[in-house]
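Notes for the one structure printed next.
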Amino acid sequence: FLIGFFIYQSYLNYSNWKNLLRNSLYFSIASLTAGALAAFSIAPTAFNLLENKLNYSLASPNISFFHVWQELPATMLFYTRSWQLPLLFVGTITLILTISFFFNRSIPIKVRLASLLFSLFTASGLLNGKLYILWHASQPPQLFPYRFVFLITFIMVFFASYQLANHNSKTDLKISTACFLFFLAFYFFRSRKLLFLNAS
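In this note's numbering, the protein residues as written are 534 to 733.
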């Protein structure tokens, strides 16, 4: 994810090859330094993985990814007790701002398209079992699935903050609000059983 985010930022802020190479060098040095400093805390975990978790394997997770994508927007807005879904609650305001980001015409189309591609990259672990396992360092997680969803939360908050920093027109705001209300209404009726709203 860190490498992907660096590529994403480098693309948006590209000026010339000299600066790109210099920033790539700084990024590499900083990443290696951070890894070396964290080695003392990582070493016990690595030994534990070698002794235990790495001996445990699962060909593919028992997850319906189509079901996950059906119910995902509901988990962003409402509390859910389903362990079959990622814990991706971000709240209404953040979701509205994130949607508005992609409709904000004051933000260059280059930025919005690159952000959309980066979003798909970050959420790729929710597409199929192989990518899901890959996002867990090629080892199936035990007890707590979807451990990478905090990265999806991060980019949503990142896009929301970008949207706050860039004023958009009333027309764009109306479009994004209409899209949000449509998804809200759809998933409210679609996900009542999931959210236990029918429970007496």
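Don't be surprised by glycine CBs; every beta carbon is placed ideally from N, CA and C. All figures in this text were calculated on a predicted structure; none of them were measured in a lab.
When rounded, the separation of the alpha-carbon atoms in T625 and K551 is 42 Å. In this structure, L621 lies away from F635, with their beta-carbon atoms at least 8 Å apart. Burial check for W602: the Cβ neighbour count within 10 Å stays below 16, so the residue is exposed. The criterion of a C-beta distance shorter than 8 Å is satisfied by A647 and L545. The alpha-carbon of A698 is positioned some 14 Å away from that of T627. The shortest C-alpha to C-alpha distance from K643 to any of F534, G537, Y541 and I536 is the one to Y541. Put simply, of A656, N637, F654 and I666 the residue whose alpha carbon is nearest the alpha carbon of T710 is N637.
Between Y559 and V690, the alpha-carbon positions lie close to 26 Å from each other.
Taking the C-beta atoms as reference points, R680 is found no nearer than 8 Å to P673. Secondary structure note for W550: its alpha helix (DSSP H) is the uninterrupted segment W550 to L570.
Looking at the backbone, the Cα of I685 and that of S652 are separated by about 8 Å.
For P619, the closest of R645, L660, S561 and L630 by C-alpha to C-alpha distance is L660. Just so you know, the alpha carbons of N549 and F539 end up roughly 16 Å apart. One Cα belongs to A563, the other to I575, and the distance between them is close to 17 Å. The Cβ neighbour count for I632, taken over all protein chains shown within 10 Å, is at least 16; the residue is labelled buried. Check the Cα spacing between L714 and each of T566, A670, I688 and L630: the tightest is with L630. The Cβ atoms of L664 and S671 do not sit closer than 8 Å to each other. Boundaries of the alpha helix (DSSP H) around I629: T625 to F636.
Of the candidates I640, N556, S561 and T655, T655 places its Cα closest to the Cα of F683. With 16 or more other CB atoms across the displayed protein chains lying within 10 angstroms of its CB, P678 is buried.
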